[in-house]
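Student:
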Amino acid sequence: MKTILTVVGDGAARPALETALLVAKRFGSHICGLHAMTKEYAVVFGGEMGFSISSEVDRTLEREGAERRDAARRLFQSFMSEQGVPRSAEPGGVSAEWREEEGRQNAIVGTLGRVFDLIVVERPPKLASLAEATLEDALFESGRPVIMAPPKPGPALGDNVVIAWNGSGETALTVALAMPLLKRAREVRIVSVETGMTPGPNGEELARTLARHGIAATSRHVATKSANPGAVFLEEARAAGADLLVKGAYTQSRLKQMIFGGATRQIIMEAEIPVIFAH
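In the numbering used here, the protein residues as written are 427 to 705.
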């Protein structure tokens, strides 16, 4: 995990930077802070044809966008200076660079992220937000693992890891992509939940495979009748004192999750520790 793309949407993105730096220190990574800005237009009623572009509103939106960009750049530069991270792409140590792109943030992250080892995004503050769209495009369009940063990152990441295992291909992929972190962890726990399993191998089988990689993982199956496995995974991670949760994203479709709820959606909205996802 030598290259990390970190989304810096505005001046409140410090948790994402803190999370990215925790990973970078483990691997000697290069962090690319990304801000994407799109020019939005407002359509208002008026004129002979019934609609016209309000230049005043357009200028206001452009000014607000520039202010967010400037706040994001200042945050990134001050954070890296404060942490003693050099602005360099030389291999062998933690380094950082700032990058600005024109376009909608979620679309830029989904495409640019394809050439990075890891993408770090903030936990969405609400549903149907740009932050949630960015997380989803990173998952569905980049082909890369994504770490969702919590609002208050802890002092460590990857020492004590819980794998939310459900036997699915999505979770199997996430485990494979998270192997560099799992190999450096002090403790790895595999947790499966009765009501969250799909047809596939159980947690003990995964533990045996990880053992062949030198990872001494334990396995625990929670035989609950709860219809909410996401809440169980989060509670198990809290009880274990985990500093990272590994979770396959959207085993059910996004539409089903939106209508009926699901483990991924609950974890996205409630996780208090970093979560590494893949789809």
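Yeah, the Cβ is synthetic: ideal placement off N, Cα and C, and Gly gets one too. As the structure is a prediction and not an experimental result, all values here were calculated from the model.
Report all residues from its chain with a CB closer than 8 Å to the CB of T429; omit the five preceding and five following residues, and keep chain order.
Tutor: Cβ neighbours of T429 beyond the five flanking positions: S455, H456, C458, V541, F542, D543, L544.
Student: Please confirm if L561 has its CB atom under 8 Å from at least one CB of chain B.
Tutor: Judged by its chain identifiers, the structure shown contains no chain B, having just a single protein chain.
Student: Just the C-alpha distance for L494 and T621, rounded to the nearest angstrom, thanks.
Tutor: One point to set straight first is that residue 494 is Arg, not Leu, in the sequence displayed. Rounded to whole angstroms, R494 to T621 spans 43 Å at the Cα level.
Student: Cα-Cα, which of V433, D436, R440 is closest to K578?
Tutor: Nearest C-alpha to K578: R440.
Student: A663 lies in the alpha helix (DSSP H); which residues open and close that run?
Tutor: Unbroken alpha helix (DSSP H) run through A663: 655 to 666.
Student: Based on Cα-Cα distance, which residue from V658, A657, M623, R615 lies nearest to I641?
Tutor: If we check each option's Cα against that of I641, R615 comes out closest.
Student: Quick check on M463: buried or exposed, where buried means 16 or more other Cβ atoms within 10 Å of its Cβ?
Tutor: Label assigned to M463: buried.
Student: Please report how far the alpha carbon of L561 lies from the alpha carbon of E490, in whole angstroms.
Tutor: Between L561 and E490, the C-alpha separation is close to 23 Å.
Student: What would DSSP say about E620, mapped onto helix, strand or coil?
Tutor: DSSP places E620 in helix when its eight states are reduced to three.
Student: Hey, could you find the ends of the alpha helix (DSSP H) L538 is sitting in?
Tutor: From DSSP, the alpha helix (DSSP H) with L538 extends over 531 to 538.
Student: Would you identify the three-state DSSP class for M574, choosing helix, strand or coil?
Tutor: Here M574 sits in strand by DSSP.
Student: Would you mind listing the alpha helix (DSSP H) stretches within the segment 433 to 464 that are 4+ residues and don't spill past its ends, in chain order?
Tutor: The segment 433 to 464 contains these whole alpha helix (DSSP H) runs: 440 to 453.
Student: Using 8 Å as the cut-off, can you tell me whether the segment 499 to 507 makes contact with the segment 517 to 533, which would need three or more C-beta pairs spanning the two stretches below that distance?
Tutor: Short answer: they touch.
Student: Check whether the Cβ atoms of E698 and P576 sit closer than 8 Å, and answer yes or no.
Tutor: In this structure, P576 lies closer than 8 Å to E698 by Cβ.
Student: With the cut-off set at 8 Å, would you say S407 and G536 are in Cβ contact?
Tutor: Examination of residue 407 is not possible in this model, given that the chain is present from 427 through 705 alone.
Student: Excluding five sequence neighbours on each side, which residues of the same chain lie with their C-beta closer than 8 Å to the C-beta of E659?
Tutor: Residue identity differs from the one stated: residue 659 is Phe in this sequence, not Glu. Taken in chain order, the residues that qualify are V588, A590, V617, V619, G622, L671, K673, A689, I693.
Student: Please name the residue, chosen from L556, P581, K451, that lies closest to A668 on a Cα-to-Cα basis.
Tutor: Ranking L556, P581, K451 by Cα distance to A668 puts P581 first.
Student: K673 bridges to which residues according to DSSP?
Tutor: Bridge partners of K673: A590, F703.
Student: In three-state DSSP terms, what is L565?
Tutor: Helix.
Student: Got a sec? Which residues, its chain only, sit under 8 Å from D563 by beta carbon, not counting five neighbours each side?
Tutor: These residues qualify, in order along the chain: N532, A533, V535, G536.
Student: In whole angstroms, give me the CA-to-CA distance for R452 and A438.
Tutor: Each residue's alpha carbon lies about 24 Å from the other.
Student: By Cβ distance, which residues of its chain are closer than 8 Å to A637, with the 5 residues on each side in sequence left out?
Tutor: Contacts found: A643.
Student: Would you call M574 buried or exposed, if buried means 16 or more other Cβ atoms sit within 10 Å of its Cβ?
Tutor: Burial call: buried.
Student: Could you check the C-alpha separation between R513 and A557 for me, to the nearest Å?
Tutor: Rounded to the nearest angstrom, the two C-alpha atoms are 26 Å apart.
Student: Residues in the same chain with beta-carbon distance under 6 Å from P606, minus the five sequence neighbours each way, listed in chain order, please.
Tutor: Taken in chain order, the residues that qualify are M427.
Student: Let me know the secondary structure DSSP gives T486 once reduced to three states.
Tutor: T486 falls in the helix class under three-state DSSP.
Student: A602: which of H461, F703, L460, V433 sits nearest, CA to CA?
Tutor: Ranking the options by Cα distance to A602, first place goes to F703.
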